[in-house]
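Peer 1: Protein chains in written order, with our numbering: chain P, 1 to 410; chain X, 411 to 820.
The beta carbon of each residue, even a glycine, is placed where N, CA and C say it ideally should be.
Below: one structure in C-alpha cells.
Right, dumping it as C-alpha cells:
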C-alpha cells in the first residue's frame, strides 16, 4: 500500500508503460515528488508508486579543513543557487545553506590553493534576484576587495547569473578578478559540474585578470572552463553544463581542468589596471519589452511612468509601425528608450529602413550590439547615475564596461 | 553650396574626421539621407555634405523573359521585404513593387528551371506582419497548391519570417514544399543574397520535400543554402547572410549553389506524405511576456483578458515567485499560460525546483523545447481551433508540426 510511504523510502514508479526508481520525498494533493536516481525530481500521482525498500543513504561526513595562512585570500560571496546547495540525503531536497566550511567540504581541492573568507549575502533561487540585491552584492564585493581579498568568487544560481554579472560590471570597477560561478546540476548528480566550476573559478580568481567575469564549463567534457566577460555572456541552454556562451565576440580566456592553467586573450583587462570604485545607484523602474507580430501598442501602458525601456525589436531593431506614436508620447513624458535586437547577435542599425528612421525620430537610442539583458542593467545604472536625460542618452551610447564592441568604420 | 543638392547627386560627406561618398537622396529637418557606395543608407547633417558630381546611374534594362510551358509550376507569393524590392537607381530608395516579371528579371536563372505564377499578397515591411495577414497567406498558399502549383515560394522580410513560417506550419498541411525565402541585403549591394537565396528556394520548391521551410544562406560563403523547418528556425543575427539557424535540432537539409542539388535528412517530411488541408483560424489575443529580474507582477496587467500568454522564463522555465499568485488569478479567469525559456536552447522542466512546481500548480503548461516565438503562434492556432481549454492544453503538449523534439526517456 503506497499510502504508507515515508520520506526516504525507495519506490518504483509505473506510469504510461514507463518504469523508474527513486526516493520518495512527499505528497501534496495526490501528487508525489520522487527524486530519481538521475538526481532529478519528478512529480507523479501517488497511485503510481510502489515501495521497494527503505533509504539506506546516510548523511555525508563533514570534515573540518584547516586553511593554510600562507596562501592568497579569496572571498566567496554567496547568493544561493545550485552550486551552494546542500543535499538532504534522506529527502533528496536541495537546500542552499552555506558556510565557508560547507563549500570547502564540498570542494576539498579549494583549500590547497587559497584561503577563503565567506560572505553569505542571501540565499535565493536566482529567478528571485532583484536590483536591490545587486546593490548589496556590489557593496559586499567592494568591501571584501577593500579588506584585502585577492580575488572574489560569487556563487549564484544560473538562471539570472548573466544579468547579475552585467549589473555588477557597471556598478563596480575592480582591480582584482570578480568571478561569478554556478552549477547546472546539483552536487548529488553524477554529472554535477559544481566541483570543476568551483575549482576553475578559484583559478580565475587567483589569475592576472582584473574584471567581472562568469566562469563555467566550456564544453560538454570536463577539460576546461570558459571565462566570459560579465557584459557579453548569456545562458543559452536550459540544462547543458556548457550553457553559458559569450555572444558576439570572443571569450576572455580559459581555465584548464584539473591543472587550473589560466589562458587570457589580449583583450582581457588585467589585475591592477583599474582602481577600486563603487557607484551602486540603480534606477529600478526599467524594463524589457519583447516585440512580437500583432503586439498591441496598448501593451506598452504596463510600463507607463517607467524611466527606461529596452525594446527587444526584430532584425536590425524594429517594432511595428503603430508603436512609433506611443513611443514618441512616452519619450516626451520622460521615458528613455533603447533599441536592441531579439536576434541577440549583430548590431542594431535603425538607419537602413523607414521604420528604424522613424523610431530614431521618436527618440529611440540605438543599442549597438548590446544584449537586451545587458542593456537593461546598463540603463538602470545610467539612469541612476546621470544628472539629466541628455547625459543618460550619451552614456548609453558609450562603451562603459565592454558591453558593446567597436563599430567597424564606414 | 550644399543647399542646391538634388536627389541623385554624388556627394562627399565629412563628419568627425571620417569621409565617405554616396548618392544624395533627400533632407528632412536638416538631416540628409545618403546612400553609401556600400549600399547602406546613412543619415547625416546636410551641412556635412559637398556635391562632387551628378548621378550617372541609369535605370536597369527590363527584358521580357518567355516562360517555358513544359517546366514545373512554382507559385511565388510575395509579402514584401528586401528580396522583393526594386531599387530606384536615381534615389537609391528601396521599394517593394513586385510582379512575376520583376522577380524573373532580378533572378533570370529562375526561368530556366520552372514556370512561375505570381501572387502579390501584400507589400509590407515584415515588422508590420500580423496574424490576420498570416491567415490570408495560408489561404493564398492553399489555393495555389489546389490550383496545381508543384511548389510554393513565399518572399518575406527577414525580421519576422520565422514567426510567419511557424504560423503557416500550423495552419496548413501541405503535400508540396512551401519555401519561405528572404534577403538580408538588398539587390543593389554587391554582397546581396537575393539571387542565390531565390535560386535555392526554387531548388527546394521543386524537391521531394513536403513541408513548410525557410531557405536562406547556410554559411558566409555562397556555396549552399540551409533548409530549416518552419517551426524550429530563428533569425540569430541582425545582418549576416547566414542569420537563420535551426535551433535545438538538425537542419532538414541543404541546397547546393549554383548546382541546386537538394540533400534532405531522413527526418524531412516528403512530397505527397501529407494531404492538403487548411485550418486557418487564429486567436489573436495572445502574447509573449519576457521575464527579467525585478519585473513587477503588475506588468502582467497589460495582457489582462488575453486568451493565451507565452512566458519566456529563465533557465528551466522560471519567473520570480511573486508572479505565481497573479498567474493563478489570470489562469482562473481563463488565460492559458505556456512556459518557454529565454535560453532558447534546451527543454523546459518545471519539476526540478520549487518555483517551477509552483508555476505548474498555478496552471502553467510546460512548453517542452519550443521556441517562445513558435509557442506563441502555436497557442494562437490551438486556441483558435479548440473546443475548450482542456483540449487546448492537451494540444499544446503535443507535437503538431515538428515544433517540439521528442523527450528522451527517463
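My output table needs one value for residue 546 of chain X: the three-state DSSP class, helix, strand or coil.
Peer 2: Correct three-state label for residue 546 of chain X: helix.
Peer 1: On a CA-only basis, which of P:399, P:159 and P:363 is nearest residue 325 of chain P? Give me that one, please.
Peer 2: It is P:363 whose Cα lies nearest to the Cα of residue 325 of chain P.
Peer 1: Straight-line CA distance for residue 765 of chain X to residue 731 of chain X?
Peer 2: Looking at the two C-alpha atoms, the distance is approximately 6 Å.
Peer 1: Does any C-beta atom of chain X lie closer than 8 Å to the C-beta of residue 288 of chain P?
Peer 2: Yes, contact with chain X.
Peer 1: Which one of P:110, P:230, P:34 and P:29 has the shortest CA to CA distance from residue 68 of chain P?
Peer 2: Per the Cα distances, P:110.
Peer 1: My understanding is that residue 638 of chain X touches residue 623 of chain X, with C-beta atoms under 8 Å, so please give their C-beta distance in whole angstroms.
Peer 2: Residue 638 of chain X to residue 623 of chain X, Cβ: 6 Å. Contact.
Peer 1: Given residue 805 of chain X, which residues of its chain have a CB within under 7 Å of its CB, disregarding the five upstream and five downstream residues?
Peer 2: Within the same chain, residue 805 of chain X has close Cβ partners 792 and 796.
Peer 1: At 3 residues or longer, and completely inside the stretch 207-246 of chain P: list those beta strand (DSSP E) runs for me, N to C.
Peer 2: DSSP runs (the beta strand (DSSP E)) wholly in the stretch 207-246 of chain P: 212-217, 224-229, 233-235 and 244-246.
Peer 1: Who are the neighbours of residue 645 of chain X on chain P, taking C-beta pairs under 7 Å?
Peer 2: Those are 315 and 343, listed as they occur along chain P.
Peer 1: Please confirm whether residue 481 of chain X and residue 528 of chain X have their CB atoms less than 8 Å apart.
Peer 2: No; because the gap between Cβ atoms is not below 8 Å, this pair is not in contact.
Peer 1: Quick one: does residue 347 of chain P have its CB under 8 Å from some CB of chain X?
Peer 2: Yes, residue 347 of chain P lies at the interface with chain X (some Cβ there is under 8 Å from its Cβ).
Peer 1: For a contact defined as C-beta to C-beta under 9 Å, what are the partners of residue 451 of chain X on chain P?
Peer 2: Simply 351, 352, 353 and 357.
Peer 1: What is the residue span of the beta strand (DSSP E) that residue 35 of chain P lies within?
Peer 2: First-last of the beta strand (DSSP E) with residue 35 of chain P: 31-36.
Peer 1: Leaving out the 5 sequence neighbours to the left and right, which residues in its chain are closer than 6 Å to residue 625 of chain X when beta-carbon positions are compared?
Peer 2: Correct list, in chain order: 589, 591, 610, 611, 614, 635 and 637.
Peer 1: Report the rounded CA-to-CA distance for residue 552 of chain X versus residue 720 of chain X, giving the unit in angstroms.
Peer 2: If I take the Cα positions, the gap works out to 28 Å.
Peer 1: Given 7 Å as the limit, tell me if residue 217 of chain P has its C-beta closer than that to any heavy atom belonging to the ligand NAD.
Peer 2: The model on display carries no ligand, and the ligand NAD is accordingly not part of it.
Peer 1: Between the Cα of residue 243 of chain P and those of X:459, X:414, X:751 and X:421, spot the shortest distance and give me the residue it belongs to.
Peer 2: Looking at the Cα atoms, X:751 is the closest of the given residues.
Peer 1: How about residue 650 of chain X: is its C-beta nearer than 8 Å to some C-beta of chain P?
Peer 2: By this cut-off, residue 650 of chain X is an interface position.
Peer 1: Compute the beta-carbon to beta-carbon distance between residue 790 of chain X and residue 690 of chain X, rounded to the nearest angstrom, for a pair I have assumed lies under 8 Å.
Peer 2: 11 Å between Cβ atoms; not a contact.
Peer 1: Is there a Cβ from chain P that is less than 8 Å from the Cβ of residue 667 of chain X?
Peer 2: It does not: the Cβ of residue 667 of chain X has no partner Cβ on chain P nearer than 8 Å.
Peer 1: Could you give the uninterrupted runs of the beta strand (DSSP E) lying entirely in the stretch 717-747 of chain X, keeping only those of 3 residues or more?
Peer 2: Runs of the beta strand (DSSP E) inside the stretch 717-747 of chain X: 718-723.
Peer 1: Measuring CB atoms only, is the stretch 129-137 of chain P touching the stretch 153-164 of chain P, in the sense that at least three cross pairs come out at less than 8 Å?
Peer 2: The stretch 129-137 of chain P is in contact with the stretch 153-164 of chain P.
Peer 1: Identify which residue in P:168, P:241, P:377 and P:167 has its Cα closest to the Cα of residue 190 of chain P.
Peer 2: The shortest Cα separation from residue 190 of chain P among P:168, P:241, P:377 and P:167 belongs to P:241.
Peer 1: With a threshold of 8 Å between beta carbons, is residue 410 of chain P in contact with chain X?
Peer 2: Confidence at residue 410 of chain P is low in this model, with a pLDDT of 37, below 50, so its placement is unreliable and the value that follows should be read with caution. Yes, residue 410 of chain P counts as interfacial toward chain X.
Peer 1: Pull out every residue of the stretch 119-130 of chain P whose Cβ sits closer than 8 Å to any Cβ of chain X, in chain order.
Peer 2: Answer in chain order: 125, 126, 127, 128, 129 and 130.
Peer 1: On the criterion of 16 or more Cβ atoms from any shown chain inside 10 Å, does residue 743 of chain X qualify as buried, or is it exposed?
Peer 2: Exposed, since its Cβ has fewer than 16 Cβ neighbours within 10 Å.
Peer 1: Under a three-way DSSP split, which group does residue 692 of chain X fall into?
Peer 2: Coil at residue 692 of chain X, not helix or strand.
Peer 1: Using CA coordinates, which residue listed in P:348, P:165, P:174 and P:302 is at the minimum distance from residue 405 of chain P?
Peer 2: The option with the nearest alpha carbon to residue 405 of chain P is P:348.
Peer 1: Just the Cα atoms here: how many angstroms apart are residue 621 of chain X and residue 682 of chain X?
Peer 2: Distance between the alpha carbons of residue 621 of chain X and residue 682 of chain X is about 10 Å.
Peer 1: Thinking just about the alpha-carbon of each residue, which of P:103, P:52, P:293 and P:403 is nearest to the one in residue 83 of chain P?
Peer 2: Considering only alpha carbons, the answer is P:103.
Peer 1: Should residue 292 of chain P be flagged as near chain X, meaning a C-beta pair shorter than 8 Å?
Peer 2: Output row for residue 292 of chain P: interface = yes.
Peer 1: Rounding to the nearest angstrom, what Cα-Cα distance links residue 470 of chain X and residue 619 of chain X in this structure?
Peer 2: Because residue 470 of chain X sits at a pLDDT of 41, beneath the cut-off of 50, its placement in the model cannot be relied upon, and the point is left open.
Peer 1: Does any CB atom of chain P fall closer than 8 Å to the CB of residue 731 of chain X?
Peer 2: True, the Cβ-Cβ gap to chain P drops below 8 Å.
Peer 1: Verify whether the separation of the beta carbon atoms of residue 306 of chain P and residue 335 of chain P is less than 8 Å.
Peer 2: The answer is yes: Cβ separation under 8 Å.
Peer 1: Under the DSSP definition of a beta bridge, which residues are partnered with residue 434 of chain X?
Peer 2: In the DSSP output, where bridge partners are listed per residue, residue 434 of chain X has X:444.
Peer 1: Determine, for residue 47 of chain P, whether the minimum Cβ-Cβ distance to residues of chain X falls below 8 Å.
Peer 2: Residue 47 of chain P does not count as touching chain X.
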